[in-house]
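In the working numbering, the protein residues as written are -8 to 149.
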């Protein structure tokens, strides 16, 4: 071997300890990262935006998981709403069912699936009159939960 020439082996022909340590550290980091990527946070509230194409108005509204709300002729029911911890890349997703109520009152399912806040064009509801997309999943809302709503008082006089 010429002076100043280096190779990746010791004089005995075995790999250098530094390479083995680096490889072991890399494998350990991968093992620690993998479980963290799967961690999700279940949220009780999904926040949507809806566009009424007739009026051009965009409305933001909160819906509790397993609650159905009406937006125009559409009924939106989120079944699950997930986010990731703040220390990870944000991935907000909701599993939602969307029904359309036609003029005769018949309800027809027009969408069942996942929506993603970071990809609003992917699986957004693109209806002839309404567009709906996911904004966020939240732990709380200014809107009271469905079981906390009060019943209207009976009309006076009977």
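Even glycine gets a Cβ: it sits at the ideal position worked out from N, Cα and C.
All of these numbers come straight from a predicted model, not from anything done at the bench.
Straight-line Cα distance separating residue 111 from residue 222: Limits of the chain in this structure are -8 at one end and 149 at the other, which puts residue 222 out of reach.
Determine the closest residue to residue 130 out of 42, 94, 83, 61, with distance taken between C-alpha atoms. 83
Spatial neighbours of residue 55 in its chain, beta-carbon cut-off 7 angstroms, leaving aside the 5 residues before and after: Apart from sequence neighbours up to five positions away, the residues of its chain that approach residue 55 with a beta-carbon distance below 7 angstroms are 35, 36, 136, 137, ordered along the chain.
Quick one: what's got a C-beta closer than 8 angstroms to residue 63's C-beta in the same chain, skipping five residues either side? 41, 43, 120, 121
Starting from the C-beta of residue 103, find all residues in its chain whose C-beta is less than 6 angstroms away, skip the five residues before and the five after it, and write them out in chain order. 88
Grouping DSSP H, G and I as helix and E and B as strand, with all else coil, what is residue 137? helix
What did DSSP end up calling residue 68 once you bin it into helix, strand or coil? strand
Range covered by the beta strand (DSSP E) that runs through residue 108: Taken as a continuous stretch (DSSP letters only), residue 108 belongs to no beta strand (DSSP E), as it is neither H nor E.
Give the DSSP-derived three-state secondary structure of residue 126 in the structure shown. strand
Residues in the same chain with beta-carbon distance under 6 angstroms from residue 98, minus the five sequence neighbours each way, listed in chain order, please. 90, 92
Among 65, 46, 58, nearest to residue 96 - alpha-carbon criterion: 65
Considering only residues of the same chain and omitting the five flanking positions on each side of residue 100, which have a CB-CB separation below 7 angstroms? 88, 90
Thinking just about the alpha-carbon of each residue, which of 67, 52, 53 is nearest to the one in residue 59? Of the candidates 67, 52, 53, the one whose C-alpha sits nearest the C-alpha of residue 59 is 67.
Can you tell me whether residue 46 is helix, strand or coil according to DSSP? The answer is coil: DSSP assigns residue 46 none of H, G, I, E or B.
Which residue from 107, 48, 71 puts its Cα closest to that of residue 32? 71
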